[in-house]
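Residue numbers (our numbering), protein chains in the order written: chain A, 1 to 142; chain B, 1001 to 1142; chain C, 2001 to 2142; chain D, 3001 to 3142.
Listed below in structure tokens is the structure:
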């Protein structure tokens, strides 16, 4: 599990003065990037290698409205990993209380140039990038 | 089913030039408001009565990346309705091809003032607002 | 002058229920793209040629708060054009009343690859792209 | 002068992979709130008193494109203060280099209820809130 602290921005609020529901995916993206950075294979490294964990599903559970400026903590867990896919779990806490729980499901892909076009091709991460895969494995929750 | 046309904004794109995954919830909110307006009980009417269909779950399925400026169409369906809750389904089309499918789950609540604070209380919509409830019923898919 | 109609999104509002001040630049970007499309040299054409009217200044005047869902109209005028630079003026209307006036100042640049890096170089648009320049000229306000 | 550190979010980037020009106003709002908090009269205090420094102009100067994830520092200065108005200056630094300079101009207003409607009325801050005004005065740059 990794823990990421995120400063709430005033722009994150909706017209009712609570954090807009579309902001949580933005926060989880920050948490995901932090997760990859902490295991030593940051987003920029993945970009250079053409590796892209394409998100195909995001399931968001709104537990409580958030109506204060301050800082949230996102706890990110690796829930599932194999060569073809990955599932991450997120718990968003404010004042130590959970306000949101989510899961994102990703397919490992690699960008390839074909006839001048960029395409995403599904890959087996354990074969393409065994060191990155091993670092991920070590993060698996029991 | 209602159909809502939404102009993609350049700001909707991410750093890779595809629509950012956090934009779909914003589009579905537009589609949801349009749905309520078409059945004659717009968001502003709900606001005045203190009625709030609080979203507790949003399940997002990314079918295809969207990398062009243009217009998307969101088809909104009422999947489930009873006095306490509602489920809506969304299909987002670009060039007549589905690029995203989602479902949102809502609890019917009413804002009440108590000791000076605003609280959301779960209600039975059919008892509190029978006309609005009937208009919703008529939208149920077979 | 070109006129662009933009649907206000619920997400455009701030915590007080008025359009957030950072939304106007997003709307003017939409209006600017529309301006270029109408004169026959759309943003995508510019992108392919590597032409980029880099914005160096944006001056925003907030005339009245906007607190309703609906549609705004942005009127875009070419205030200044020469080979090296361009100034655009924007008037944002709601219900036929001006709510915002702005000006953006741009330098004409071209992206060039040098030693593997992409750099923006200032250009003379009239020499690099005379047809695009002529189409712009025709939009000059008297 | 106050200094505010802001984490860049991946969502802050545009389709070209540089920070979108509409993000700077969002950052300056964060810096402005931090400025008020440091002098002991935070945004929430102002809200409770109905005090609102309504922004009427924002002048944005884009000095250099920002294409890295990381942290920016915004230095906020009080450039002008009298009972009726205020001007703030912002310098945004990345890696100690200035990337953006801006000024915002504000009118001091108070929200008043009249015939059930909320209106903003221009006020003299030194008369309405002398302690807040004095705390601001002390921040004036020489």
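For every residue, glycine included, the Cβ atom is placed at its ideal position computed from N, Cα and C.
Using the rule of at least 16 other Cβ atoms within 10 Å of the residue's Cβ for burial, across every protein chain shown, is residue i buried or exposed?
i	result
residue 2022(C)	buried
residue 1055(B)	buried
residue 3014(D)	buried
residue 2004(C)	buried
residue 3058(D)	buried
Measure from the alpha carbon of residue i to the alpha carbon of each residue in the options, then state which is nearest.
i	options	result
residue 1133(B)	1095(B), 1104(B), 1085(B)	1085(B)
residue 3060(D)	3112(D), 3104(D), 3131(D), 3137(D)	3104(D)
residue 2011(C)	1112(B), 1087(B), 1033(B)	1033(B)
residue 89(A)	50(A), 130(A), 78(A)	78(A)
residue 106(A)	3(A), 100(A), 122(A), 118(A)	122(A)
residue 1018(B)	120(A), 124(A), 140(A)	120(A)
residue 2125(C)	2049(C), 2067(C), 2057(C), 2069(C)	2049(C)
residue 1027(B)	1081(B), 1113(B), 1074(B)	1074(B)
residue 1118(B)	1052(B), 1058(B), 1041(B)	1052(B)
residue 3176(D)	3042(D), 3020(D), 3046(D), 3080(D)	Coverage of chain D is limited to positions 3001 through 3142, which leaves residue 3176(D) absent and any answer about it impossible.
residue 1066(B)	1092(B), 1112(B), 1135(B)	1092(B)
residue 3135(D)	3081(D), 3064(D), 3095(D)	3081(D)
residue 139(A)	43(A), 87(A), 45(A), 71(A)	87(A)
residue 1097(B)	1111(B), 1071(B), 1113(B)	1071(B)
residue 3101(D)	3002(D), 3024(D), 3035(D), 3006(D)	3024(D)
residue 16(A)	1001(B), 1043(B), 1002(B), 1036(B)	1043(B)
residue 2137(C)	2006(C), 2007(C), 2041(C)	2041(C)
residue 2094(C)	2108(C), 2111(C), 2063(C)	2063(C)
residue 2131(C)	2111(C), 2046(C), 2002(C), 2007(C)	2046(C)
residue 3036(D)	3002(D), 3099(D), 3141(D)	3002(D)
residue 3141(D)	3109(D), 3076(D), 3111(D)	3076(D)
For residue i, which residues in chain C fall below 9 Å Cβ to Cβ?
i	result
residue 94(A)	Ordered by position in chain C, no residue passes the 9 Å Cβ test against residue 94(A), which lies about 16 Å from the chain.
residue 3136(D)	Within 9 Å Cβ-Cβ: nothing; residue 3136(D) doesn't reach chain C, min ~21 Å.
List the whole-angstrom C-beta distance separating residue i from residue j, where the pair is believed to meet the contact cut-off of C-beta under 8 Å.
i	j	result
residue 9(A)	residue 3030(D)	6 Å
residue 1083(B)	residue 1127(B)	7 Å
Could you name the residues of chain D that residue i contacts, counting a contact when the two beta carbons are closer than 8 Å?
i	result
residue 2086(C)	The premise fails here: residue 2086(C) is roughly 14 Å from chain D at the closest Cβ pair, so nothing lies under 8 Å.
Give me the chain B residues within the contact set of residue i, using Cβ-Cβ distance strictly less than 9 Å, ordered along the chain.
i	result
residue 56(A)	1061, 1062, 1063
What I want to know is whether the C-beta of residue i ends up closer than 8 Å to one or more non-hydrogen atoms of the ligand ATP.
i	result
residue 2041(C)	The ligand ATP is not part of this structure, which contains no ligands at all.
message: Closer than 8 Å between beta carbons: that is the criterion. Which residues of the stretch 3024-3044 of chain D meet it against chain A?
response: Within the stretch 3024-3044 of chain D, the residues whose Cβ lies closer than 8 Å to some Cβ of chain A are 3026, 3029, 3030, 3033, 3043, 3044, listed in chain order.
- prompt: Which residues, in order along the stretch 1058-1074 of chain B, keep a beta-carbon less than 8 Å from a beta-carbon of chain C?
  reply: The stretch 1058-1074 of chain B vs chain C, Cβ under 8 Å: 1069.
task: Using a Cβ-Cβ cut-off of less than 8 Å, give me the residues of the stretch 2001-2022 of chain C that come near chain B, in sequence order.
output: Within the stretch 2001-2022 of chain C, the residues whose Cβ lies closer than 8 Å to some Cβ of chain B are 2006, 2007, 2009, 2010, 2011, listed in chain order.
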